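Peer 1: In the working numbering, the protein residues as written are 73 to 1231.
In this text, a Cβ means the ideal position worked out from N, Cα and C, and glycines have one as well.
Small disclaimer: the values here were computed from a predicted structure and weren't measured.
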Amino acid sequence: AAPVAPAPAAPAPVAAPPQANGISAELEQAMLDVVSEKTGYPVEMLEMHMDMESDLGIDSIKRVEILGEMQKRHPNLPEVNPAELAELRTLQQIVDHLQPAVGQAAPAAAPVAPAPAAPAPVAAPPQANGISAELEQAMLDVVSEKTGYPVEMLEMHMDMESDLGIDSIKRVEILGEMQKRHPNLPEVNPAELAELRTLQQIVDHLQPAVGQAAPAPAAAPVAPAPVAPAPAAPAPPPQANGFSAELEEAMLAVVSEKTGYPVEMLEMHMDMESDLGIDSIKRVEILGEMQKRHPNLPEVNPAELAELRTLQQIVDHLGTDLGKANPATAGAGSSSTRDRVPAPTNHAITRNLVQLKTLPLPDVLEYTLPQDACCLITDEGTAVTTQVAQALVAQGWRVAVLSFPQTVVGSQAELPANVGRVVCTDLNETALQESLTAVAAQYGRIGSFVHLHPRTAASTTILKQVFFIAKHLKETLHDAAAQQDRAAFMTVMQLDGALGLDGQIDFDPISGGLCGLTKTVNLEWPQVYCRAVDLHPSYEPSQAAAFVTAELFDPNRLITEVGYGNHGRVTLETVEAPLEPYTPSTIITADSVFVVSGGAKGITADCVIRLAKQYQCKFVLLGRSSIEDVDTSWLGNYADEAALKQQIMQHLLAQGEKPTPMLVGKMARAISSKHEIEQTLHTIEQAGSQAEYLSVDVTDSGALTAALAAVAQRLGRITGIIHGAGVLSDKLIEKKTEQDFTAVYNTKIDGLHALLQAVPAQQLDHLVLFSSAAGFYGNVGQSDYAIANDILNKTAHLIKMQHPNCHVVAIDWGPWDGGMVTPALKQLFAERNIQVIPVEVGTWLLVNELTAANQSVAQTVVGGPLAFPDGDLGETLHKHRIHRHLSAEANPFLQDHVIGGNPVLPTVCAIAWMGSLCEQLYPGYTMFSCDNYQVLKGIVFDDSHPDSKQYTLELEEIAKGNGAIAFKALVSSQNEAGKPRFHYRAEITLLAKLPEAPVYQQFDPSKSEVIDKTELYQNGTLFHGPDFQGVEQVLNISPSKVTMRCQLAALSAAEQGQYQVQSFNPFIADGQFQSMVIWARRFHDAGSLPLHTDRGEQFRPIPFDTTTYVSMEVKESSDSELVADILTHDENGRLYARVLGAKVTISKQLNHLFVPKQG
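1) Could you round the C-beta distance between S204 and Q279 to whole angstroms and report it? I think they count as a contact, below 8 Å.
2) If you run the structure through DSSP and keep just helix, strand and coil, what is I749?
3) On a CA-only basis, which of R527, R603, L595 is nearest I582? Give me that one, please.
4) For W888, which residues does DSSP report across the bridge?
5) Once you ignore the five residues that flank D580 on each side, which residues in its own chain have a CB closer than 6 Å to its CB?
6) Could you give the first and the last residue of the continuous alpha helix (DSSP H) run that contains T1165?
7) Tell whether a beta-carbon distance below 8 Å holds between G886 and A930.
8) Could you compute how far the alpha carbon of P910 sits from the alpha carbon of G890?
9) Thinking H969 and H1096 are a contact (beta carbons under 8 Å), I'd like their distance in whole angstroms, please.
10) Please report how far the alpha carbon of F1226 lies from the alpha carbon of L1088, in whole angstroms.
11) Quick check on this structure: which residue in L431, H825, Q484 has the alpha carbon closest to the alpha carbon of R641?
12) Measuring CB to CB, does L1123 end up less than 8 Å from F1139?
13) Which of the three DSSP states is assigned to E119 in this structure?
14) Quick one: Cα of L716 to Cα of I386, how far?
15) Rank R741, P442, R1206, I983 by C-alpha distance to the C-alpha of F1145 and give the top, closest one.
16) For my contact list, R381 and M337 are in at a C-beta cut-off of 8 Å; report their separation, rounded to the angstrom.
17) Which same chain residues, not among the five before or five after Q556, have their C-beta less than 7 Å away from its C-beta?
18) If you draw a straight line from the C-alpha of E119 to the C-alpha of L545, how long is it?
19) For the 8 Å Cβ check, are there 3 or more pairs between the stretch 559-575 and the stretch 819-827?
20) Using alpha carbons as the reference points, say which of L683, L437, E1127 lies closest to V840.
21) Is it buried or exposed for Q785, if we count other Cβ within 10 angstroms and need 16 for buried?
22) Specify, as a first and last residue, the run of the alpha helix (DSSP H) that N594 falls within.
23) How many Å lie between N313 and P222 at the Cα?
24) Rounded to a whole number of angstroms, what is the C-alpha to C-alpha distance between S1147 and G468?
25) Using 8 Å for Cβ pairs, my map puts L324 next to L383. What's the rounded Cβ distance?
26) Suppose you measure from the CA of L1066 to the CA of G996; what does that come to, to the nearest Å?
27) Does the count of Cβ pairs from the stretch 1016-1024 and the stretch 659-671 closer than 8 Å reach three?
28) Tell me, please, which residues DSSP counts as bridged to T932.
29) Using C-beta distances below 6 Å, list every residue in its chain close to D276, excluding the 5 sequence neighbours before and after it, in chain order.
30) Looking only at its chain, what residues have a beta carbon closer than 6 Å to the beta carbon of I166, apart from the 5 residues adjacent to it on each side?
31) Should N256 be labelled buried (16 or more other beta-carbon atoms within 10 Å of its own) or exposed?
32) What separation, rounded to the nearest whole angstrom, lies between the Cα atoms of Q727 and L247?
33) Is it true that the CB of L586 sits closer than 8 Å to the CB of A559?
34) Can you pull the DSSP bridge partners for N1108?
35) C496 to L524, Cα distance in whole Å?
36) Taking the CB atoms as reference points, tell me whether L499 and Q537 lie closer together than 8 Å.
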């Protein structure tokens, strides 16, 4: 509101005519009740002599609202002249002014009772006996089928990984086949599955609960108001025995089918990985087949699956949990065709560019560490470490510093007197673990961790140390998260302040791998706050420390990587890039020579073949396999892997050797590899290109340089490198070994360095790095893989900056439909809405990426994001206090929302403020409803508002569970005297899954009284500027209804300021309330402002640049108030959102405040 001049002394009240007794006290009580309700102050805090502005912060707009409510409760109260109202300063003066003409007061409406909670599900009945042998035989059959080992080779005691080579994904596949054959097998928790090592253990795990699985009850409709979570259902009774043998037999059959080992070679105790060579992807395929054969087998959590080592452990796990399972849907579909077409159509695969997104400065979550906990900081050897330690000590934290040996970090930072130091004396995992133990013993348990990455030539060494710190902090930080307000894992590096995308300075891309690590542990540790921070190296230590501290207290868990530099505070986002019509590259000719690591087999080979068909150039394929050393002279024709393994068994027996699964598997892999390489070379040559294969270790720089020098002599200048080599070793980080890290990391990173050592980038026309979506998003079980691939991403941007004429691109591939992605894994991806790339589409996308039109693109992400895993919410109901420093300068849109000459925070921004912060605390949950929203005191940026003022959002969790979280929310501030000012309150409900959008049946699209956008925003009806001018046209308007067509152009992230769009878009939502402003102007020739909504619901997000329709239905109206329901929907009536019981105050006193935005 505009500032009000000091009022003269109020005139003495005129003597009133005699009133009925008691009216004065009644009016005073009504006034206190209304002011309490509208401002949030308890009645007991209020006194009638208080000054409305200086004591209570009630501005002129809020006075109109209070007076409107008084008139509603006491219909005989007189109209008040605005000039007189402005002179009345206290609550008592208003009551005295009203009293002479007062009549009777209307009673208030009764509150609505909440909906009752749904009943708990009924437990399943007990099962019958006699299943164990049947399960064991089934397990042997399935394992035989899925691994190719004959059943007679298998034994139930075999370790799945060490004896049978079955990895975590193959376990899932085997379990799936068991579930398919035995529909009543239970769901298997992945964490439990990961612990089961042998076939026997799996069958034993499955047996106790096998029989029949109780179907899960259908999800109940969402109640209009949040309810307390229902009590947990009782555990199901013990299941009947006798199913174990059936499951084991199914498991053996499936493993045999999927791996080619005859069933007779398989044993349930065999280790899937070490004995049978079954990797994590093959496990998923086996489990999928088990589930197909036994539809009632349970879903298996991937983390648990990774722990199950043997076939027996999988069967045991399935049997134990069968009683908890839902009937599984049999997986349909076959492997995709590999027919290649010039430009595939009818696919949903997206090509996304990576770009910077501007972020506002972070809010501040109020929290501290307990007295028995410390924050561990690594020492990067400069004053940045000193300043960060001082900043955290100033927060009341206990701080300890871990220094690395001076062989890798040349100096140690000076530390404040009250900060301790532990020095890690060696660079092995044991020494590191001892150092962490010493920190806990001397300074308290580690409650948070901040790694400050040094600028050192030993960057890889430090990166590896941080990887193992994360491994050993997993349990510590999880325990801390359960005991305190927040546990944090933070990594800080100095690239370019833009996560590698600044394009102005050189940087160390190795430290960029910290982003991949942090994004992965963020997914693996949903209870721990994880953040990677990139600081421009030019910042002074004090400024760098301020940024680090700010990020440590940011409540937002929806983002995991942030940069500070030339572009301000930023993160990375993807934006879909439409595929342009294909134009062949003029740079690639018949003389072009591509060196392709990992290019002789799998998906990389498919890509090379597609390029060969397009360009008929020359290819040198690199791989570890030596095809000359594999003797196949004794081998006859074979139809499949099982037949190959049968021939190998017979050959070994003829040679007098025992055909163990490991030996048979090793020989089968070598033979299959030889044949696949030969087939790739043949297909390339058939396409009119030249190809040769070199058996070389891509990480051996010397051998690779010598080999490629000879290639250049034979074929000519090497013009392109495609680095497709890669190794997977999927495990949760706490299970990772140094061997895992080395195999995965070295193949990608040392391999790239060796390639560029042999053929420097300045000599290349093309450099293509096969990265992964795991590098961009992180991925559970792939911490080392995410590190390596994010380094590839950063390297692509760096080399592109250094060599702009070279076509450099890192392609972050999602999962491909083929190779490692089996039908069962494909089904799992579909359930998580993860795009799977068809081979014909992916190979064409590679060819398209190398066209001249894409020469400037350094990184693309193919496919959509990986799903955020479900985290355990826990049972504790928390309270959160979050501070925001609000300013007009930080929110440019405020200049388009001006009332009475002053910017005013739109009410929809207050809703977004509360809802978005709730979502930021609980990733994977989306705001569905906002109940009992109330404007207590709007935020006006007038002369009395400082340039930056702190506001506090208090969030109190009131119910949690069953896929829902409910909060009470209150926004407040303090005036100059330190008194509280309450601004907005509501109840917010988040859901893990939004309900299906209903259809609005009363949509009236007729154009009976059309009002166009230009007229609405220029004639004083609507005061909003361009950022809120979403109403395109009023289609019809009547005393009972308004129908509008709406569309709003996109606002940039910078224009959205501190209210960036998440699931709820406040800039579009403002159009809902504009319908009420239009109605009030049309039928009362008055302005209106929002007061309250009973309930708001959003069923799906509303994107910018989308045509929507708003239907506003009048429920109640008077000269001072309008209550309506507002429904936002598409042309078919399908709802985006609805607001029920939206209430606005109507007053002609507001007319002069509504001035159309000029220009």
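Peer 2: The short version:
1) Here residue 204 refers to the residue found at position 132 of the sequence shown. Here residue 279 refers to the residue found at position 207 of the sequence shown. Their Cβ separation, rounded to whole angstroms, is 5 Å, which keeps S204 and Q279 in contact under 8 Å.
2) As a working mapping, residue 749 is identified with position 677 in the sequence shown. It is helical.
3) The residue given as residue 582 occupies position 510 in the sequence shown. It is R527.
4) By one-based count along the sequence shown, residue 888 stands at place 816. Looking at the DSSP assignment, W888 forms a beta bridge with I909.
5) As a first step, residue 580 must be located in the sequence shown, where it is residue number 508. Same-chain partners within the cutoff: S531.
6) Working through the sequence shown from its first residue, we reach residue 1165 at position 1093. Not the alpha helix (DSSP H): T1165 falls in the beta strand (DSSP E), residues 1159-1170.
7) Within the sequence shown, residue 886 is the residue found at index 814, counting from 1. Within the sequence shown, residue 930 is the residue found at index 858, counting from 1. No, the Cβ-Cβ distance between G886 and A930 is not below 8 Å.
8) Locating residue 910 in the sequence shown gives position 838, counting from the first residue. Locating residue 890 in the sequence shown gives position 818, counting from the first residue. Roughly 7 Å separates the two Cα atoms.
9) The residue given as residue 969 occupies position 897 in the sequence shown. The residue given as residue 1096 occupies position 1024 in the sequence shown. Their Cβ separation, rounded to whole angstroms, is 6 Å, which keeps H969 and H1096 in contact under 8 Å.
10) The residue you call residue 1226 lines up with position 1154 of the sequence shown. The residue you call residue 1088 lines up with position 1016 of the sequence shown. The straight-line gap from Cα to Cα measures roughly 12 Å.
11) By 1-based counting over the sequence shown, the position of residue 641 is 569. The residue with the shortest Cα to Cα distance from R641 is L431.
12) Counted from its first residue, the sequence shown places residue 1123 at position 1051. Counted from its first residue, the sequence shown places residue 1139 at position 1067. In this structure, F1139 lies closer than 8 Å to L1123 by Cβ.
13) Along the sequence shown, read from residue 1 onward, the residue named residue 119 stands at position 47. In this structure, E119 counts as coil in the three-state DSSP scheme.
14) The residue you call residue 716 lines up with position 644 of the sequence shown. The residue you call residue 386 lines up with position 314 of the sequence shown. Each residue's Cα considered, the two are about 26 Å apart.
15) On the sequence shown, residue 1145 is found 1073 positions in, with the first residue counted as 1. If we check each option's Cα against that of F1145, I983 comes out closest.
16) For this step, residue 381 is matched to residue 309 along the sequence shown. For this step, residue 337 is matched to residue 265 along the sequence shown. With a Cβ gap of about 18 Å, R381 and M337 do not count as contacting.
17) By one-based count along the sequence shown, residue 556 stands at place 484. Contacts found: L441, P442, A445, G519.
18) Translated into positions along the sequence shown, residue 119 becomes position 47. Translated into positions along the sequence shown, residue 545 becomes position 473. Spanning the two alpha carbons is a distance of roughly 55 Å.
19) no
20) Counting from one through the sequence shown, the residue named residue 840 turns up at place 768. Residue L683 is the option with its Cα nearest to V840.
21) Against the sequence shown, residue 785 aligns to sequence position 713. Flag for Q785 reads exposed.
22) Within the sequence shown, numbered from 1, the residue matching residue 594 stands at position 522. From DSSP, the alpha helix (DSSP H) with N594 extends over 585-596.
23) Numbered from 1 along the sequence shown, position 241 holds the residue referred to as residue 313. Numbered from 1 along the sequence shown, position 150 holds the residue referred to as residue 222. With a pLDDT of only 42 at N313, under 50, the local geometry of the prediction cannot be trusted, and the value read off the model is given with reservation. The alpha-carbon atoms of N313 and P222 are separated by roughly 27 Å.
24) Walking along the sequence shown from the start, residue 1147 turns up at place 1075. Walking along the sequence shown from the start, residue 468 turns up at place 396. Roughly 50 Å between the two C-alpha positions.
25) For the purposes of this step, residue 324 is taken as the residue at position 252 of the sequence shown. For the purposes of this step, residue 383 is taken as the residue at position 311 of the sequence shown. Indeed they touch by this definition, with Cβ atoms about 7 Å apart.
26) The residue given as residue 1066 occupies position 994 in the sequence shown. The residue given as residue 996 occupies position 924 in the sequence shown. Taking the straight line joining both Cα atoms gives about 11 Å.
27) no
28) Counting from 1 along the sequence shown, the entry for residue 932 is found at position 860. DSSP output for T932 lists L425, I883 as bridge partner(s).
29) Start at 1 with the first residue of the sequence shown, and residue 276 comes out as number 204. The answer, listed in chain order, is D388.
30) On the sequence shown, position 94 is the one that residue 166 refers to. So the list reads L160, once near-sequence residues are dropped.
31) Locating residue 256 in the sequence shown gives position 184, where the first residue counts as 1. Buried, by the Cβ-count rule.
32) Sequence index remark: in the sequence shown, residue 727 carries index 655 (1-based). Sequence index remark: in the sequence shown, residue 247 carries index 175 (1-based). Going by the C-alpha atoms only, they are around 35 Å apart.
33) Position 487 of the sequence shown, counting from 1, holds the residue named residue 559. Position 514 of the sequence shown, counting from 1, holds the residue named residue 586. Result no, Cβ atoms of A559 and L586 do not sit closer than 8 Å.
34) For the purposes of this step, residue 1108 is taken as residue 1036 along the sequence shown, with counting starting at 1. Looking at the DSSP assignment, N1108 forms a beta bridge with T1115.
35) To locate residue 496, count along the sequence shown from 1; it is residue 424. To locate residue 524, count along the sequence shown from 1; it is residue 452. Rounded to the nearest angstrom, the two C-alpha atoms are 15 Å apart.
36) In the sequence shown, counting from the first residue as 1, residue 499 sits at position 427. In the sequence shown, counting from the first residue as 1, residue 537 sits at position 465. Yes; because the gap between Cβ atoms is below 8 Å, this pair is in contact.
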